[in-house]
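Numbering (the working numbering), first residue to last: 44 to 389.
Heads up, the beta-carbon is just placed ideally off N, CA and C, and yes, glycines get one too.
Report on one structure; see the data block that follows.
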Ligand code: SAH
């Protein structure tokens with residue numbers, strides 16, 4: 044059964060509220076990449092500020108949707124249906140030609156489940172939400188693994204359609220379905236999902252407090268939440284913000300990849316703690332993903348990669364040109380690849 048692709052009414056909703064307990068160090072809200080000032084999402088500054096914030100968030104959603112509408116086909120052609128990093132052993136010397144990269148992407152899913160303690164509970168996973176589902180690689184994998192019913196949401200209509208088509212082609216339509224919806228205003232009732240899965244989508248969220256609140260809301264009592272996401276480094280004691288040169292790297296990446304509110308794993312842990320969740324854990328997997336971006340760059344530089352890139356359009360080309368900055372960010376310790384997991388109390 045295919046889900047509809049109609050844009051939900053939530054896409055016209057008004058802006059996100061600040062959570063006064065957070066953002067004291069890093070901003071957990073939308074930051075404008077062209078300046079270091081946060082865009083206000085509060086209603087306290089009156090209607091003008093509210094309207095400006097609504098425009099900004101709407102523009103962000105549009106930008107993300109267009110980015111993935113344009114680039115997903117190219118990614119799938121070269122890298123397949125998982126639009127996330129692979130998980131490698133730190134000393135891995137995996138070659139570009141290896142099937143090792145696809146295996147590493149599957150391993151990322153398995154390691155994430157293991158880290159969250161999901162493996163021993165497989166039979167309990169009946170309903171999964173894949174928040175920021177791309178073209179549904181995780182959902183189809185989890186649907187097959189658990190026999191669970193997986194529902195994916197993305198801002199990109201192109202991705203939702205492709206995800207549904209791939210599910211149909213793999214006879215998984217009964218188990219995996221996809222629709223356009225906003226992670227910050229999910230079209231699901233409270234407590235619906237045994238597993239709330241967010242694989243590399245959190246970095247796009249302009250309001251981390253609202254994002255986490257929605258993940259917690261849709262999780263069933265006893266359900267697990269898994270957030271695997273790009274972060275910036277944790278701030279040390281007494282540090283109020285990143286160094287300007289560090290913020291500069293993140294702002295440049297934001298311009299291409301639409302990542303408006305970088306935060307740290309500590310920030311996520313604080314947010315989860317504020318919801319009284321159990322078994323909150325986090326880890327830095329930056330070393331385990333280190334071979335990934337160099338491999339993506341090498342594929343872009345192959346003949347096939349270059350031709351596909353040029354055919355795909357400007358957003359893909361800008362994306363490719365931004366990749367070295369990701370490597371620089373990781374190498375300099377500004378960017379961290381984080382996993383944060385927890386369980387909602389029964
Ligand atoms: N999890 C997928 C795709 C990661 S790419 C995978 O691992 O293959 C990031 C995804 O996040 C895209 O599908 C994008 O549309 C989605 N996304 C970003 N912001 C979103 C939002 N506010 N609501 C729903 N999806 C969002």
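So, is residue 179 buried or exposed, given that buried needs 16 or more other C-beta atoms within 10 angstroms?
Counting of Cβ neighbours within 10 angstroms places residue 179 among the buried residues, the total reaching 16 or more.
Give a yes or no on whether the C-beta atoms belonging to residue 266 and residue 169 are separated by under 8 Å.
No, these two residues do not count as a Cβ contact at 8 Å.
Supposed contact pair residue 121 and residue 384 - C-beta distance, whole angstroms, cut 8 Å
Between residue 384 and residue 121 a beta carbon distance of about 30 Å is seen, past the 8 Å cut, so the two are scored as non-contacting.
Distance, residue 286 Cα to residue 376 Cα:
Those two C-alpha atoms are separated by around 12 Å.
Leaving out five residues before and five after residue 380 in sequence, what residues of the same chain have Cβ atoms less than 6 Å from its Cβ?
Correct list, in chain order: 328, 329 and 332.
For the beta strand (DSSP E) that residue 268 lies in, which residues bound it at each end?
Bounds of the beta strand (DSSP E) holding residue 268 are 262 to 275.
Within 8 Å, do at least three Cβ pairs link the segment 98 to 106 to the segment 183 to 193?
Three or more Cβ pairs closer than 8 Å define a contact, and the segment 183 to 193 falls short of that threshold against the segment 98 to 106.
Is residue 226 a contact residue of the ligand SAH, with contact defined as CB to any heavy atom under 7 Å?
Yes, the ligand SAH has a heavy atom inside 7 Å of this Cβ.
Residue 280 to residue 313 span [Cα, whole Å]:
In a straight line, the C-alpha of residue 280 is about 15 Å away from that of residue 313.
The beta strand (DSSP E) with residue 238 in it runs from where to where?
Residue range 236 to 242 is occupied by the beta strand (DSSP E) that includes residue 238.
Compute the Euclidean distance between the alpha carbons of residue 199 and residue 109, then round it to the nearest angstrom.
As the crow flies, the alpha-carbon of residue 199 is around 7 Å from that of residue 109.
Where does residue 330 fall in DSSP's three states?
In the structure shown, residue 330 falls within a helical segment according to DSSP collapsed to helix, strand and coil.
For residue 321, which three-state DSSP category applies?
Reduced to three states, the DSSP call for residue 321 is strand.
Own chain residues within Cβ distance below 8 Å of residue 374, not counting five before or after
Here residue 374 has no same chain residue with a Cβ atom under 8 Å from its own Cβ, once five neighbours each way along the sequence are excluded.
Euclidean distance between Cα positions of residue 74 and residue 185
Residue placement at residue 74 is poorly supported in this model, since its pLDDT is 46, which falls under 50; the coordinates are not used for a value here.
Below 7 Å CB to CB, which residues in the same chain sit around residue 235 once its five sequence neighbours on both sides are set aside?
The beta carbon of residue 235 lies closer than 7 Å to those of 170, 261 and 263 in the same chain, with the five residues before and after it left out.
Say whether the segment 199 to 216 touches the segment 236 to 244, bearing in mind that this needs 3 or more beta-carbon pairs closer than 8 Å, one atom from each stretch.
Too few Cβ pairs lie closer than 8 Å, so no.
Does the Cβ of residue 386 lie closer than 7 Å to at least one heavy atom of the ligand SAH?
Answer for residue 386: no, Cβ out of range of the ligand SAH.
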